[in-house]
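K.L.:
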Amino acid sequence: MSYFESLYASSDDPWDYRHRWYEARKRDLTLAMLPHRRYSHGYEPGCSTGELSRRLAERCERLLVSDGNASAVATARERLADQAHVEVHHLLLPDAWPAGAFDLIVISEIGYYLGEPGLAALLDRAHSALLPGGVLLGCHWRHPIEGCALTGDQVHERMAALPGLHRLSHLEESDFLLTLWSSDPTSVARREQLL
């Protein structure tokens, strides 16, 4: 049994996304960091149970979410069943990547599980699928994770090295990093013609 299979075998919400204030706060910060009110087509790989997906759905005309664990996908489908504009797919990263282009890609809490080659493949696919002016958001735990060769800081270093992307926003706490990149460096204030 794989690491994720054993986690989801014991609970349909192994990280307690639904009830922990830490997780609710992190979701709020993630949504607040997004520079656009609406997105035409978002993608969240590694969506787990769909807690963040539910909030992203409020901001996206269309949203595709995926996870490599069948139990997580079943929970996410149930959680998002009333959202007709959301598709939930069972895809194993980094090899499986959906067709299409996105103006929002959220890489949250998955980069370190893929190892160096897997992360490189994931970021290459995300970078290629990002529409001009689209945003790439990364959110990762900063503490060591047993069995993971990469830290959250290292994942964000790899994301920051993607060519042609500018860092628009960054939050660094002792527990997690939350960073937003885009090919369009225009600030929200400039978009709103405050400057």
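So the sequence shown is residues -9 to 185, counted in our numbering.
No residue lacks a Cβ here, since even glycine has one placed at the ideal position from N, Cα and C.
Because the structure is a prediction, the values reported are computed rather than measured.
#1: Go to P107, then tell me how far its alpha helix (DSSP H) extends in each direction, as first and last residue.
#2: Would you say L152 and H117 are within 7 angstroms of each other, going by their C-beta atoms?
#3: What does DSSP give as the partner residues of H80 in its beta bridges?
#4: Distance check for R69 and E41, CA to CA, integer angstroms please.
#5: Less than 7 angstroms separating the beta-carbons of Y102 and L161?
#6: Return the chain-ordered list of same chain residues with a C-beta closer than 6 angstroms to the C-beta of R145, the five sequence neighbours on each side being excluded.
#7: Starting from T200, trace the alpha helix (DSSP H) in both directions and tell me its first and last residue.
#8: Compute the distance between the beta-carbons of M23 and S159, then report whether it is under 7 angstroms.
#9: Just the C-alpha distance for S177 and G124, rounded to the nearest angstrom, thanks.
P.N.:
Concretely, from the data shown:
#1: It spans G105 to A119 - the alpha helix (DSSP H) in which P107 sits, taken as one unbroken run.
#2: Contact: yes.
#3: Paired residues: D57.
#4: Computed Cα separation, rounded: 8 angstroms.
#5: A distance of 7 angstroms or more separates the beta carbons of Y102 and L161.
#6: Checking the displayed sequence, the identity of residue 145 turns out to be Val instead of Arg. Taken in chain order, the residues that qualify are G101, Y102 and H130.
#7: In the structure as shown, the chain starts at -9 and stops at 185, and residue 200 therefore has no counterpart that could be examined.
#8: M23 is a Cβ neighbour of S159, given a cutoff of 7 angstroms.
#9: Our two residues, S177 and G124, have alpha carbons roughly 13 angstroms apart in a direct line.
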